[in-house]
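Single-structure report; data block below.
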Amino acid sequence: MPNPGEYKRYLLVASCMSIPPTLYFSRFGILGCLVIYLLSGFVVGSSFYLMSQITRRIRLRSFALQLILQSLSILTTLVVSTATVMVGSGAIIAGRSPFDPVLLAGMGRLLTPHQAAAGLAAGFTMSLAINFFFAIGRKLGPGVMWSWMTGKYYAPREEEMVVMFLDMKDSTTLAEGLGTIVFSQLVKDFFADLTGPLLKTGARVSHYIGDEAVITWSPSRGLKKGGCLNLVPEFRRVLESRSGHYQAAYGLVPEFKAGAHIGLVVATEVGEIKSEIVLHGDTLNTAARIQGLCGPEGEMFLVSGELAGRLPDSPVLVALGERQVKGREKGVDLYAVRT
């Protein structure tokens, strides 16, 4: 699923990577350097983004094999995009066709075979290191590695967050009917398909509990344009588009229910042998209880009045009135989100 924010990040990284090679070709003057820089940033960034979308859909059992495959893909992308940039830039600067034999011969003289081999080796090593860093970051979740590196949550820290509990509907019945192994594969596919909507709406997964995901947003991401409301319809569309796969593999298309709330949450690192950034606070309890009311209320997605009051006016929000939830003396105003 295309992600404009992710595409922009790839363009930014490619633009930074383009600075050293641009300086190498300073012999072409300021205009030549500018052409090479802009073209390389766009071509390399776009190529890397396209390759990431393709390799992301290839899931191998071995993390190491997946890492090597993606690194080779990155190297191939880098070689092809670099060649495209060199020929394209040369054609623009020289005012010739990119297929001109004289131009191509001149481009070939810029790098000796020894330099090309050294460049390929260095490129593969660098792509392996960068890909490993991003792969670990992806395994941990967006922003988690950076938070650990900077010690952001070394001491308990209170923040306002939008918190959503999302779980598979009728999971106990499904587990009994499918069997533990097949049901576990269903859960794996289910959450893999949640990835696109998570990235598109700027969400983060705090943790998984069986067939349930605890999802968070910063207020700026969760409230802007109703970002936290968009995840549910986005996920539903993904599941519908993959209905053929689910029917063939499991004889059903999974459904889900979700509940969301906004409030203060305490985040902190816990554990020494296995460290994790955990969340505490009444906001999580309230979000979980709201999600638990989806069944009794006959709704797919419920949010609290506090959250609904801070979202842009939306016709999809339907007031249900106040409900009592466990763990809170005061009732919670409920809104159904019907999309």
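The sequence shown begins at 136 in the working numbering and counts up one residue at a time.
All residues carry an ideal CB built from backbone N, CA and C; glycine is no exception.
On a predicted model such as this, the values are computed, not experimentally measured, just so you know.
Counting of Cβ neighbours within 10 angstroms places V453 among the exposed residues, the total staying below 16. Taking 8 Å as the upper bound for CB-CB distance, K461 and E390 are not in contact here, some 25 Å apart.
In the three-state reduction of the DSSP assignment, T403 falls in the strand class, which pools E and B. Relative to G398, the option among L263, C363, Y184, V298 whose CA is nearest is V298. In this structure, the CA atom of P368 is about 7 Å from the CA atom of T474. Take D468, set aside five residues on each side of it, and the residues of its chain with a beta-carbon closer than 6 Å to its own are G440, E457, in chain order.
Note on geometry: alpha-carbon atoms of F370 and L301 lie some 11 Å from one another.
Listed as beta-bridge partners of M296 by DSSP are G398. Look at I412 here: in three-state DSSP terms it is strand. Between the segment 337-349 and the segment 313-329 there are three or more inter-stretch CB-CB distances shorter than 8 Å, so the stretches are counted as touching. Within its own chain, the residues whose Cβ lies closer than 7 Å to the Cβ of Y142, once the five positions on either side in sequence are excluded, are Y184, listed in chain order.
Nearest C-alpha to H342 among L146, H415, S449: H415. Taking the Cα of R339 as reference, the smallest distance to any Cα among D324, M296, V322 is reached at M296. Spanning the alpha carbons of R424 and T418 requires a straight line of approximately 10 Å. When the beta-carbon positions are compared, G394 and L437 come within less than 8 Å of each other.
Residue L207 holds the alpha-carbon nearest to the alpha-carbon of F259 among N365, I408, L207.
Take the alpha-carbon of R356 and the one of A384: they are about 35 Å apart. Spatial neighbours of F267 in its own chain (CB-CB distance under 7 Å, excluding positions within 5 residues in sequence) are listed in chain order as L202.
At the C-beta level, L364 and L446 come within 8 Å of one another.
Beyond the five residues adjoining it in sequence on each side, Y289 comes within less than 7 Å, by CB distance, of E404 in the same chain, given in chain order. A443 sits buried, since 16 or more C-beta atoms from the chains shown fall within 10 Å of its C-beta.
Around the C-beta of C151, fewer than 16 other C-beta atoms lie within 10 Å, and the residue is accordingly described as exposed.
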